[in-house]
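Chemist: Letter by letter, the sequence shown follows residues 0 to 161 of numbering that gives the first Met the number 0. We treat Cβ as the ideally placed atom computed from N, Cα and C, and that holds for glycine. Remember, predicted model here, so these are calculated numbers, not experimental data. Submitted below is the structure of interest, expressed as structure tokens.
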Amino acid sequence: MHVTGEWALRLLALTLLVSPLRRWTGWSVLMKMRRMLGLYAFFYGCVHLLAFLQFFIGWTPALVLEELVERPYITVGFAAWLLMLPLAFTSTRAMQRRLRRNWQRLHRLVYPAAVLACLHLLWQARSDVGEALVYIVLFALLLGWRVKRYRDKPGATSAAGA
Numbered sequence: 000m001h002v003t004g005e006w007a008l009r010l011l012a013l014t015l016l017v018s019p020l021r022r023w024t025g026w027s028v029l030m031k032m033r034r035m036l037g038l039y040a041f042f043y044g045c046v047h048l049l050a051f052l053q054f055f056i057g058w059t060p061a062l063v064l065e066e067l068v069e070r071p072y073i074t075v076g077f078a079a080w081l082l083m084l085p086l087a088f089t090s091t092r093a094m095q096r097r098l099r100r101n102w103q104r105l106h107r108l109v110y111p112a113a114v115l116a117c118l119h120l121l122w123q124a125r126s127d128v129g130e131a132l133v134y135i136v137l138f139a140l141l142l143g144w145r146v147k148r149y150r151d152k153p154g155a156t157s158a159a160g161a
């Protein structure tokens with residue numbers, strides 16, 4: 000089951016790496032792969048959740064609620080999956096056109112989903128937190144890159160000017 004969670008995180012990281020890589024390399028073909036990578040990340044997140052429900056919970060609703068309440072790493076993992084759910088359902092071009100600017104706002108949920116996924120990995124790790132720290136640093140760098148790009152845009156308000 001751990002493998003499916005690892006692949007979900009790897010694919011989420013690759014999805015978020017597409018924009019910086021395109022910017023640095025000029026390879027616009029990378030953008031065509033972003034949606035597919037994001038959907039694969041969601042798919043592996045679904046397989047991870049379904050494996051948990053099948054092999055650890057046995058599809059017992061009372062046990063699901065008990066695990067959500069008693070194990071914070073389960074709670075944040077489920078919250079990450081919930082944040083990715085609307086992203087998967089609105090990933091089509093038709094939904095981009097329908098939602099217009101709100102589509103981009105909605106898809107920014109990928110950042111808190113990534114943070115929650117990292118917490119899920121970190122909190123479930125019993126002793127070796129090295130892998131979790133690698134993902135935390137990677138996602139922090141990617142998020143920092145995006146924040147810097149946003150602040151460097153013409154017309155963006157800076158903290159000093161506010």
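Counting only the same chain and skipping the five closest in sequence on each side, list residues whose C-beta sits under 7 Å from that of residue 159.
Modeler: For the purposes of this step, residue 159 is taken as residue 160 along the sequence shown, with counting starting at 1. Summary for residue 159: the model assigns pLDDT 45, below 50, so the residue's position carries little reliability, and this model does not support an answer.
Chemist: Whole angstroms is fine: what's the gap from residue 30's alpha carbon to residue 15's?
Modeler: As a working note, residue 30 is residue 31 in the sequence shown. As a working note, residue 15 is residue 16 in the sequence shown. Computed Cα separation, rounded: 11 Å.
Chemist: Could you name the residues of the same chain whose beta carbon sits closer than 7 Å to that of residue 83, not counting the 5 residues immediately before and after it, in chain order?
Modeler: One-based indexing of the sequence shown puts residue 83 at position 84. 41, 44 and 112, listed in sequence order.
Chemist: Candidates 154, 153 and 148: which alpha carbon is nearest residue 22's?
Modeler: As a working mapping, residue 22 is identified with position 23 in the sequence shown. That would be 148, whose Cα lies nearest to the Cα of residue 22.
Chemist: Does DSSP classify residue 151 as helix, strand or coil?
Modeler: If you number the sequence shown from 1, residue 151 lands on position 152. Three-state result, residue 151: helix.
Chemist: Closest to residue 8 by CA distance: which of 34, 130, 146 and 140 is it?
Modeler: Taking the first residue of the sequence shown as 1, we reach residue 8 at position 9. For the residues 34, 130, 146 and 140, the minimum Cα distance to residue 8 belongs to 130.
Chemist: Assign residue 136 to one of three DSSP states: helix, strand, or coil.
Modeler: Sequence index remark: in the sequence shown, residue 136 carries index 137 (1-based). Looking at residue 136 - three-state DSSP - the assignment turns out to be helix.
Chemist: In chain order, what residues of the same chain lie with their CB nearer than 7 Å to the CB of residue 161, ignoring the 5 residues before and after it?
Modeler: In the sequence shown, the residue the question calls residue 161 occupies position 162. A caution first: residue 161 carries a pLDDT of 39, below 50, which makes its placement in the model too unreliable to give a value.
Chemist: DSSP state of residue 59, grouped into three classes?
Modeler: Here residue 59 refers to the residue found at position 60 of the sequence shown. Coil, per DSSP.
Chemist: Between which two residues does the alpha helix (DSSP H) carrying residue 193 extend?
Modeler: The structure shown does not extend to residue 193, since the chain is modelled only from 0 to 161, so the question has no answer here.
Chemist: Around the C-beta of residue 58, are 16 or more other C-beta atoms found within 10 angstroms, so that it is buried, or is it exposed?
Modeler: Numbered from 1 along the sequence shown, position 59 holds the residue referred to as residue 58. So residue 58 ends up on the exposed side.
Chemist: Along the chain, where does the alpha helix (DSSP H) containing residue 51 start, and where does it finish?
Modeler: Looking up residue 51 in the sequence shown gives position 52. Taken as a continuous stretch (DSSP letters only), the alpha helix (DSSP H) holding residue 51 covers 28-51.
Chemist: Under the rule that 16 or more other beta-carbon atoms within 10 Å means buried, what is residue 10, buried or exposed?
Modeler: For the purposes of this step, residue 10 is taken as the residue at position 11 of the sequence shown. Residue 10 should be labelled buried.
Chemist: Pull up the distance between the alpha-carbon of residue 92 and that of residue 47, whole angstroms please.
Modeler: One-based indexing of the sequence shown puts residue 92 at position 93. One-based indexing of the sequence shown puts residue 47 at position 48. Taking the straight line from one Cα to the other gives about 27 Å.
Chemist: What separation, rounded to the nearest whole angstrom, lies between the Cα atoms of residue 0 and residue 120?
Modeler: Counting from 1 along the sequence shown, the entry for residue 0 is found at position 1. Counting from 1 along the sequence shown, the entry for residue 120 is found at position 121. C-alpha separation (whole angstroms): 12 Å.
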